[in-house]
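Numbering (our numbering), first residue to last: 1 to 216.
The beta carbon of each residue, even a glycine, is placed where N, CA and C say it ideally should be.
Keep in mind that this is a model prediction, so the values were computed, not measured.
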């Protein structure tokens, strides 16, 4: 039976000439990949990192790889797609999720949190260079780790005072907190390591290099 659901795009894997596997997060199925037929007229923007889409899902009784079709955008994300910096952030954010949330995982509330995070990033008009740090801290909470200063200090001992301020700051104050580029890079890497430690496997996030370029 076909099911229409809301999805968040985490990435794609090319499958032959006219298809791809669409890696997604949804309220109903958690992290799951779907086979999708694509043509020359298919808008690739639909599959950009963290795109908010809806699709008809068709179960396959003979395979774990179900089919998605009739994909449409639920939110244009103009604030993200018109900004090279925000697009780079979503590339990093989606890769962290792909590495951390394995196929079949379904954490309660993580879909709602991620959708809100994407819409929030899209809504900001000015630069928000601290947003990936906030995202990583919120992700840890969404996955049940509840980071505290004591938990984080072994991973970022050189940022003791800054961590204390960040953990206590409301969103607006957090995003406006002055930091040097090297501090942002170091904190992002430390928080990725923190997530990997709690998940019991290292997160080899290639797009950390993208953030390093942004924050030079």
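Sequence-distant Cβ neighbours of residue 38 in its own chain, meaning closer than 8 Å and more than five residues away, are 18, 19, 20. Ranked by how close their Cα comes to the Cα of residue 7, the residues 85, 180, 203, 22 have 22 in first place. If one requires a minimum length of 4 residues, the alpha helix (DSSP H) runs lying completely within the stretch 101-171 are 110-123, 131-142, 149-152, 160-168, in chain order. A residue is called buried once 16 or more other Cβ atoms fall within 10 Å of its Cβ, and residue 89 is buried on that count. Judged by their CB atoms, residue 119 and residue 205 are not nearer to each other than the 8 Å cut-off. For residue 210, the enclosing alpha helix (DSSP H) begins and ends at 208-214. The closest CA to that of residue 33, considering only 1, 141, 105, is found on 105.
Relative to residue 194, the option among 166, 31, 148, 179 whose CA is nearest is 148. Under the criterion of beta carbons closer than 8 Å, residue 35 and residue 210 do not qualify as touching, at roughly 29 Å. Counting only runs of at least 3 residues, the stretch 11-44 fully encloses the following beta strand (DSSP E) elements, listed from N- to C-terminal order: 19-26, 30-37.
Residue pairing by DSSP puts residue 57 in a beta bridge opposite 3, 68.
Only residues of its own chain outside the window of five on either side were considered, and among them 56 have a CB closer than 6 Å to the CB of residue 4, listed in chain order.
Each of 156, 175, 169 was checked against the Cα of residue 124, and the nearest Cα belongs to 175. Shown here, residue 96 sits in a helix according to DSSP, grouped into three states. If you check the CB distance, residue 47 and residue 9 come in under 8 Å. Annotation: residue 50 is outside any alpha helix (DSSP H) and is labelled neither H nor E by DSSP.
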